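Chains as they are written, first to last, in the numbering used here: chain A, 315 to 651; chain B, 315 to 651; chain C, 315 to 651; chain D, 315 to 651.
Virtual Cβ for every residue (Gly too), placed ideally from N, Cα, C.
Note that the coordinates shown come from a computational prediction; the quantities given were computed from them, not determined experimentally.
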């Protein structure tokens, strides 16, 4: 059986998902909608799908599942519309920028019996899943200190930053989810430091571009996340997990293995430039996990609750940065799951 | 326009090419033939193609090109039948095990105006093309000493070895082509050393399993090739090119970037296990280069002459091993191209 | 001219310094004192020096400089006695465990005109000085985010921990100095997270064994330090400095360059096991910098003020850990420098 | 007891040995001689030794051992004079440029009961001894294919080349000894390829600057050596040993561990520049092994026979290059050992 997919949003990330859908033998893109009709039509054409209105997609009984790749402020409405229309839902992160709304959505989703997956694609990166498998197999014993490096190659535009929800909700949210996923728990307290060092306009719109966020878990384990909006050498995405018996680390994926040795040094290639290159495989593997879960009736690997947890950590990080203190997560999660 | 493809041979390598054909938007597998009808049918089914006889494929005007992935002894007959039937031809290496026959085939091909490409896929490996581009751009100046490491992960069966043509024609032939391609020339003399160290049955059937072959070019440049039928840690495929200004090297592609540090050391992943993993990309890029050349009328990137050159070097290496002396290539190429 | 040295303390670290003194053509160990007379005699014998009492050393006009390698609680008294006796002083870190006493000592030292150096040896590690030189030369532009990894190979005994002053004053203090040295400034605020994960007895004596401390500088630059009392794979001592134009990193020094590739992976040697191996060179280079400064009348490279700064940061980290908030450094430094 | 040393030759390599002698608590440089009296005096002064004539050194009963660091053509005469004078002898490689003379010397040495060591220092390099220990411990099983990379950073002067004995006797001789030492045997046949690519003046004086020499051992094991007089990135000294269970490799020692990542790539430090840096440790460890053997009466780790073997291989390589054929070693060794 093939899952027929309706796509909401034909922008950059919609295009990524369309490619994953087409590359999976169990799914087929059949409909696309976008605020910009030409964008919808163009993506639809590429995959022999139809451009439709949002309502038409929701009403079309032939469509089994929807992918929400539209702007963040539409996510919750579409999740709820999707499940009410009886469709499985795959929604890009974040669930929402507002924690209360996200928690309310979680309740709504819990009340229906439809699979909803949040697109934390990095969980499906082969290097990271290899690291997690080794960790879960006890290869370094009990976990103690997790370190996540996550630097973008170049800062986004100020226009994007303005509507992004800020570094914690927009960028670090992936890392918050990564920490929860690797440690199999949510943290107890969050403590954050941040600065605006790259572009003073980010500061003017109330954001930072460089940050260190440290999560402490109830059993004492610690996770620390380093974020920067700029790494001149490319997308820097690394994990280090110190355990009682050693260290597991996942390094950057380089553009190639060629090394040039000259009088100027020994020069290797840069990391793959940005997420479209670096996480190509994780997007398609993540998509396959959604398709398989829906078709085979197994558990969805990233739930709305996961999305709410990451958002609550982002909220806590923001409070910590503003107030200069460690912030407890539990009160923020009250009412969720 | 789409190139319709007829496949000769539905074994391991035929399956590799079928995947490349399907993954390319400008080509389509339409017919498959094999000595084992079920194999042909099975592969055909997978790609919505038809199982046919060889003659039917050659006679089918709807088929634009053939892929020869059948056993080596059929290569030349099929190349000639293909071009006579007016089809473009993609033929797996080697052209033949017999140099005279291969040279005769070269003449036949020259007499027709049909594109014929030999499947030296490694030329299309992204790491190797990056290295060659850097070399051709003069990044290490004039080339002096090329070193090719090419170790299989585990020895083939003696049954295979018997019909393989021997290590030089079967395995090192890729490396001979690599050396010619990187240096843009054929060598002047060949000198080889070899042993049977892994499996004494290889020796019983007249073959070796470990070898060093050194090629000297007319301008003094040297290329040295190290071959082994066994590397317990996986497929070892590396290049080093020393030039006047430095060294370019292409390393192994590892299975993942995860590193485990324990009391036992710092442990990285092994190289990708064998050619199906390591050269997946090179097969599809090589295939695309064939399709593009045929459809766009541009030059075929690997000619039959390239195949003959590599085979002649293999012949010379065999003579050198047997006679304990440096062997000139020119007399062996006489009559070719 | 040769600097004649009197050594206070013939324990592990005294032995290290004795070796540096002997290895330097401009210094000579002439006297040793220790609470355990045999220890003093034994070390003295090894270097043709004399075992003396502390008072004898201070009174000996032939002795130009003293090295304080005795227990931490004796440091300040000996610094002050040394400079009053007209001797140059090299004192192991930390100045003291008590910040007020250390600040008072700073005043005393300022009142005399005698060189006093604090033994933050890591500043002299060749890899770290290479990194700093590259940074100071602007190779990655303006600094933004410094990350220091500092893991001991194995936890100290609980007996040691009890008198150590705690992880921040005993272990992280090196990293605090490293951050100040690399950024050429003291931080504005300190925020710390810590746990006792390795040995619950550490917790019983009021200490932690795993920590992340983040320093924010007045201009927004951030430094983050990761500490653990245990890294099963060896002493883990790394720096990463992200700047506007790239990243500078200094990796671990491995025991050797041998790599073993087998079916179990690609296995490199561990980092050098602990500080005696890893920082052998930094101890001797640091010592040479002291000798040269004293003999040539140039500036001492690590001042008592540097020691006070690092201690104040440790104090702030302790307060942050206890109170769950960011702590300002300035009030703690009041009265210093 | 301390070994009193008389040094013949106060040039570059004599200075290296003088440092090793001084750094060893069981040896003391007491006398130096050189054709250039000022050179002898200068070196003698540095170590509180005396400048003497060669005859005075040989006659001085207080001198236990001599180091021969004078020009190659003096080696054999001094070895013989030394042992006849009852002294232990440490002689720089090569024994001589003439194989017959070297074999005659071997006989002379055998007739006396005095320890004579040849200075193949690389056997004592800690990375190489670690590799050999792992190999001897069976960590990769039976050896199959050894690969030695040995590139100088920059070509010597033509003046030096003229008297050097040529690339095989002067440079590759270290690698020949390395192969024999690692495999614990001398090869059966030698086959060599070489070119003059770097400096045509080398060719004018009958030498080459780039070479590949392949050694085949009686049991089929193969060793291949790659030599170049120029590697723009620094001294390239690597080993790879393929065995039935895997690969052991020893990499270059880099100048530091600092890595700079920028838009131009990920840039590591170069290998240590040349042998004085790279092999500092091997010279002092090798020296210690001589001192220990002499004082403790244990076996000398590198014998004159080892020096003759390496020289015979160099001779065979030269014959192979000239005649374009594999050359048997046995006839060349006839009369030796």
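Output yes if chain D places a C-beta closer than 8 Å to the C-beta of residue 576/A; else output no.
Output row for residue 576/A: interface = yes.
With 9 Å as the limit, tell me which residues of the stretch 494-511 of chain C have their beta carbon closer than that to any beta carbon of chain A; keep them in chain order.
Answer in chain order: 503, 505, 506, 507, 508, 509, 510, 511.
Alpha carbon to alpha carbon, how far is residue 409/B from residue 377/B?
Each residue's alpha carbon lies about 22 Å from the other.
Between the CA atoms of residue 490/C and residue 413/C - distance to the nearest angstrom
Taking the straight line joining both Cα atoms gives about 15 Å.
Taking all protein chains shown into account, decide if residue 566/B is buried (16 or more other Cβ within 10 angstroms of its Cβ) or exposed.
Counting the other Cβ atoms within 10 Å of the Cβ of residue 566/B gives 16 or more, which makes it buried.
Less than 8 Å between CB atoms is the rule here; does residue 444/C satisfy it with respect to chain D?
So yes, residue 444/C belongs to the interface.
Counting only C-beta atoms, is residue 565/D closer than 8 Å to chain A at any point?
False, the Cβ-Cβ gap to chain A never drops below 8 Å.
CA-to-CA distance, residue 562/B to residue 512/D, given in whole angstroms
The alpha-carbon of residue 512/D is positioned some 17 Å away from that of residue 562/B.
Using CA coordinates, which residue listed in 426/B, 382/B, 415/B is at the minimum distance from residue 398/B?
Closest option to residue 398/B, Cα to Cα, is 426/B.
Per DSSP, cross-strand counterpart(s) of residue 405/A
Within the DSSP bridge table, the entry for residue 405/A names 382/A, 432/A as partners.
Taking Cβ positions, are residue 449/D and residue 392/D nearer each other than 8 Å?
No.
Close beta carbons around residue 361/B, own chain, < 7 Å, minus the five adjacent residues each side:
Setting aside the 5 residues that flank it on each side, residue 361/B is surrounded in the same chain by 332, 336, 343, each with a C-beta closer than 7 Å to its C-beta; the list follows chain order.
Residue from 644/C, 545/C, 534/C, 583/C whose Cα sits closest to the Cα of residue 456/C
Comparing Cα-Cα distances from residue 456/C to each of 644/C, 545/C, 534/C, 583/C, the minimum goes to 534/C.
Of all the options 420/B, 405/B, 568/B, which has the alpha carbon lying nearest to the alpha carbon of residue 433/B?
Of 420/B, 405/B, 568/B, the smallest CA-CA separation from residue 433/B is found for 405/B.
For residue 645/A, the three-state DSSP class (helix, strand or coil):
Helix, per DSSP.
Using a Cβ cut-off of 9 Å, which residues of the stretch 453-480 of chain B contact any Cβ in chain C, in chain order?
Those residues of the stretch 453-480 of chain B that come within reach of chain C (Cβ to Cβ, closer than 9 Å) do not exist; the list is empty.
Assuming residue 502/C is part of the beta strand (DSSP E), what are its boundary residues?
Where residue 502/C is concerned, there is no enclosing beta strand (DSSP E), because DSSP gives it neither an H nor an E.
Chain C within 8 Å of residue 582/B, Cβ atoms only:
Under the Cβ distance rule, residue 582/B counts among the residues neighbouring chain C, one pair being separated by less than 8 Å.
Can you look up residue 544/B in the DSSP assignment and give me helix, strand or coil?
Assigned with DSSP and collapsed to three states, residue 544/B falls in coil, not helix or strand.
Residue 546/D versus chain A: which residues are under 7 Å apart at the beta carbon?
576, 577, listed in chain order.
Can the beta-carbon of residue 435/D be found closer than 8 Å to that of residue 485/D?
Between residue 435/D and residue 485/D, the CB-CB gap reaches or exceeds 8 Å.
Burial state of residue 446/D, where buried means 16 or more other Cβ atoms lie within 10 Å:
Residue burial is scored here from C-beta neighbours: residue 446/D has at least 16 other C-beta atoms within 10 angstroms and is therefore classed as buried.
Contact the stretch 617-629 of chain A vs the stretch 569-587 of chain A: 3+ CB pairs below 8 Å:
The stretch 617-629 of chain A vs the stretch 569-587 of chain A: no contact.
In the DSSP assignment, find the unbroken alpha helix (DSSP H) run with residue 570/B in it and report its ends.
The continuous stretches of alpha helix (DSSP H) do not include residue 570/B, and DSSP gives it neither H nor E.
Between which two residues does the alpha helix (DSSP H) holding residue 461/A run?
Per DSSP, residue 461/A belongs to no alpha helix (DSSP H); it is in the beta strand (DSSP E), 457-465.
Keeping to the same chain, check which residues put their C-beta closer than 7 Å to that of residue 649/B; ignore five residues upstream and five downstream.
Closer than 7 Å at the Cβ level, and outside the excluded window around residue 649/B, lie 417.
Same chain, Cβ closer than 6 Å to residue 600/C, neighbours up to 5 away in sequence not counted
Answer for residue 600/C: 435, 438, listed in chain order.
Pair within 8 Å by beta-carbon distance, residue 571/A and residue 441/B
Against a cut-off of 8 Å, the Cβ pair of residue 441/B and residue 571/A comes out as a contact.
Could you round the C-beta distance between residue 564/D and residue 553/D to whole angstroms and report it? I think they count as a contact, below 8 Å.
Right, their Cβ atoms sit about 4 Å apart.
In this structure, how does DSSP classify residue 550/D when only helix, strand and coil are distinguished?
For residue 550/D, the secondary structure class from DSSP, reduced to helix, strand or coil, is strand.
Which of the residues in the stretch 613-631 of chain B, read from start to end, lie with their CB under 8 Å from any CB of chain A?
Residues are counted here when their Cβ sits less than 8 Å from a Cβ of chain A; for the stretch 613-631 of chain B the count is zero.
Whether residue 521/A touches residue 475/A by CB criterion (8 Å):
Cβ distance < 8 Å, so residue 521/A and residue 475/A count as in contact.
Using only alpha-carbon positions, find the residue among 318/D, 349/D, 558/D that is nearest to residue 325/D.
For residue 325/D, the nearest C-alpha among the options comes from 349/D.
Over the uninterrupted beta strand (DSSP E) stretch that includes residue 318/B, give me the two end residues.
For residue 318/B, the uninterrupted beta strand (DSSP E) segment begins and ends at 317-322.
Buried or exposed: residue 538/C, going by 16 or more other Cβ atoms within 10 Å of its Cβ?
Result: buried.
Would you list the residues sitting across from residue 639/B in a DSSP beta bridge?
Partner(s): 639/D.
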